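The structure under discussion appears below in the form of structure tokens.
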């Protein structure tokens, strides 16, 4: 019987295992989990810390029993130490420190990413945390419950920083968020970032932008966060300054790296080393619009790439269709989403972009409860091709699935004009005869005509 | 200066006028409105009757001033009596009974549809209503406010029947809904119709299915609704048994008709009569999947067809992309939506369909407030092509825009498998790493594999 070995039991690894078992029920599939938490939703950790999710067990996408019922073998607390591509073996160390050599026919490396914090001093101090793995989430909440910190500084205004500002505010902590850029959530346009910053402040989060954090120090039982423009004190610090791919194991085995130091893979998720595939936060990701690899670690992407790696690890011929960078985040009452390229990204990608903002009601204004949606559409002036969209609105105004309509249109290379041809659903309590997606497209076209 | 004349000032007519003025600001555009309510949202009438929309003026998509500001000329209370295609003139009668002859270079017929009620006797009795035009909505609400009827019978369990059952319940009337089919909302599968029926009953609507209504009679100051399986008494009756295209004017001028007696048009919305276009509820509609015309009068379609007719009426070369039959309705707390073909429709269309239902949470179950979504996916067994989807869930679970993701995929002829390639947005409060749309696609594939 052929044996597929998978290193890593988070989104990409488990997705690969499930797909491999699905396409070839005769295939032997083994998954090495470095910790005791296979297939957990690490995206859910902010909601566990906030207390909205009472039990950490609820964060499991599937239980260990669910997983084993599909026929895969799970080896928990098994850390892979080395890969021998010539012998097709992996050496792993189990929880008791015992070495174990596992043979494979095909291998999927899904070692994920780790927090990128290297240029901040003092991260090993008690009360300083990162949030990347289940264990870190458990320790963080335990710390809050045991020590009752009153003030926290969050370093980094990206997705995790935003969600944790929300989460820790809910927990009753006074939150200061420090972002080195000019606005929070730099993955959307500054205007939208500004609104999010305002939403944070409306909930009593102190937002400091344009500050680089250099060190955390312990002083008289508290922590001092020092930046280039001053310092602030806290009882607890969370560093959420992004991630970097965890590639040491694969690199040692000869796997080549590319963008951002991530493992290089082709569209079949194959590395340069025979019989070795890789997927998830440790690899480069093909961008469907830029038509080149980028580094864009996301759970959705990890699932898709893992599925392709699993299919091919089982002898199939799956191809990863590419990312559009679709993302959404809810911060207190506001939802912000994006897909495709923003203006500056499109320009850097060789397009001639025009970005137009349009404000529309999420449903007919005459029906109670209508809320404003802000839609920013980016299209190519020359070809009229849709390049991207950013949406912002109140929770409940179908922001997320509206960005998905844009994402589905982008997937097919539609023009902005062609969005008007889409037969989208309408009833006055939920939309307009032209959905806001289409109204924004029409506004883009008017602006493009005037600009021409 | 060239003159575009448009007969009809509802969705299709105004959409045509707006688009014509947009593509050719030098074009003279005249719109004949039979009543005093140009560009009103007749889809909003149920919410006006319910009182959720206090003022009927709020139902206007745009005010008369908004419309005139675009440069179009509006002739209110002008009923077109005849078209002379050889002379390119239209005779209209104004509110004072004066005849007026208008010359055109190009003509758009957007005469809409009228209530189809012909086989029920007694519809002219006081207290018996249909709901198709603004005037009817105004009269209906006035009647309720003046006479305070306690009990109403609604004949017809389609979209309007459902919305009016909701609306009149909100107004405090005791509602009986009579549907001749085996379940309400026959445009979705009976299972979904059954749930909607239950939702109506949960709100104290009496639902009678499988009964044909033959007559309404006046008896001792009340109305008696007689059907083939008995009778029921009421103070008021609303007949909502569908519509038929209003084509007499165009037919008299030689415009050919097709499916369901609707005006025959090509993909450019041109009729067989030179210089005469037609759009909206009075015409056949090209079905993108069936690749043949159907009769499917919807506001969304009227807007799109009107836009194409207006573009071509202004000398452009627009093509109507076709309908997918996308529809959504909210009934009390439940939202039901569909797009594409249901199983039986697909079979009749020459496909070999398989329909699979999947239940998923609208977002990660660990995050508070997760609600069940039911998704029914129809695909072609042989080609794997996506053919349609039906969704049902509680209001607030992004049912409408999820059906739009399916609609956008259908528009591009995607396979069910390819839905997994879509880069859809995810955050735990709003979705899952595989959106329910994709989970349902995967369930369909598993079922198709097992059935093969």
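Protein chains in written order, with the numbering used here: chain P, 1 to 452; chain Y, 453 to 904. All residues carry an ideal CB built from backbone N, CA and C; glycine is no exception. Given the structure is predicted, the values throughout are model-derived calculations rather than measurements.
Of all Cβ atoms in chain P, is any one closer than 8 Å to the Cβ of residue i?
i                     : result
residue 835 (chain Y) : no
residue 533 (chain Y) : no
residue 496 (chain Y) : yes
residue 752 (chain Y) : yes
residue 462 (chain Y) : no
residue 590 (chain Y) : no
residue 641 (chain Y) : no
residue 856 (chain Y) : yes
residue 860 (chain Y) : yes
Within this structure, are the beta carbons of residue i and residue j separated by less than 8 Å?
i                     : j                     : result
residue 469 (chain Y) : residue 524 (chain Y) : yes
residue 415 (chain P) : residue 385 (chain P) : yes
residue 747 (chain Y) : residue 559 (chain Y) : no
residue 175 (chain P) : residue 154 (chain P) : yes
residue 382 (chain P) : residue 20 (chain P)  : no
residue 789 (chain Y) : residue 425 (chain P) : yes
residue 367 (chain P) : residue 683 (chain Y) : no
residue 373 (chain P) : residue 349 (chain P) : no
residue 737 (chain Y) : residue 775 (chain Y) : yes
residue 563 (chain Y) : residue 459 (chain Y) : yes
residue 546 (chain Y) : residue 529 (chain Y) : yes
residue 501 (chain Y) : residue 624 (chain Y) : no
residue 805 (chain Y) : residue 831 (chain Y) : yes
residue 421 (chain P) : residue 841 (chain Y) : no
residue 430 (chain P) : residue 636 (chain Y) : no
Please classify residue i as buried or exposed, where buried requires at least 16 neighbouring CB atoms within 10 angstroms.
i                     : result
residue 280 (chain P) : buried
residue 890 (chain Y) : buried
residue 614 (chain Y) : buried
residue 885 (chain Y) : buried
residue 715 (chain Y) : buried
residue 594 (chain Y) : exposed
If you compare alpha carbons, which of the options is closest to residue i?
i                     : options                    : result
residue 123 (chain P) : P:428, P:241, P:230, P:335 : P:241
residue 408 (chain P) : Y:871, Y:742, Y:771, Y:727 : Y:871
residue 494 (chain P) : P:339, P:396, P:273, P:11  : Outside the shown range of chain P (1 to 452) lies residue 494 (chain P), about which nothing can therefore be said.
residue 270 (chain P) : P:233, P:316, P:244        : P:316
residue 586 (chain Y) : Y:719, Y:712, Y:673, Y:461 : Y:461
residue 551 (chain Y) : Y:863, Y:718, Y:531        : Y:531
residue 216 (chain P) : P:178, P:253, P:205, P:160 : P:178
residue 566 (chain Y) : Y:758, Y:699, Y:850        : Y:699
residue 330 (chain P) : P:193, P:363, P:104, P:84  : P:193
residue 577 (chain Y) : Y:688, Y:601, Y:604, Y:622 : Y:688
residue 695 (chain Y) : Y:850, Y:492, Y:528, Y:584 : Y:584
residue 401 (chain P) : P:362, P:380, P:234        : P:362
residue 266 (chain P) : P:287, P:249, P:251, P:197 : P:287
If you measure from the beta carbon of residue i to each beta carbon in chain Y, is any gap under 8 Å?
i                     : result
residue 47 (chain P)  : yes
residue 242 (chain P) : no
residue 361 (chain P) : no
residue 39 (chain P)  : no
residue 396 (chain P) : yes
residue 364 (chain P) : yes
residue 265 (chain P) : no
residue 115 (chain P) : no
residue 281 (chain P) : no
residue 59 (chain P)  : yes
residue 326 (chain P) : yes
Since residue i meets chain P, which of its residues come closer than 9 Å, beta carbon to beta carbon?
i                     : result
residue 757 (chain Y) : What residue 757 (chain Y) touches in chain P: nothing, since even the nearest Cβ is about 11 Å away.
residue 473 (chain Y) : Within chain P, no residue comes near residue 473 (chain Y); the closest Cβ sits about 12 Å away, beyond 9 Å.
residue 775 (chain Y) : 423
Quick one: which chain Y residues come within Cβ less than 7 Å of residue i?
i                     : result
residue 52 (chain P)  : 819, 820
residue 434 (chain P) : 755
residue 412 (chain P) : 864
Residues of chain Y with a CB under 8 Å from the CB of residue i: which are they?
i                     : result
residue 329 (chain P) : 879
The ligand ZN and residue i: does the residue's C-beta get closer than 7 Å to at least one heavy atom of that ligand?
i                     : result
residue 370 (chain P) : Among the ligands in the structure shown, none appear at all, so the ligand ZN cannot be discussed.
So residue i contacts chain P; which residues on that side make the cut at Cβ distance below 8 Å?
i                     : result
residue 872 (chain Y) : 304, 307
Using the beta-carbon of each residue, which ones in chain P are nearer than 7 Å to residue i?
i                     : result
residue 906 (chain Y) : With chain Y covering only 453 through 904, there is no way to say anything about residue 906 (chain Y).
Can you pull the chain Y residues whose beta carbon is under 9 Å from the beta carbon of residue i, in chain order?
i                     : result
residue 335 (chain P) : 879, 881, 882
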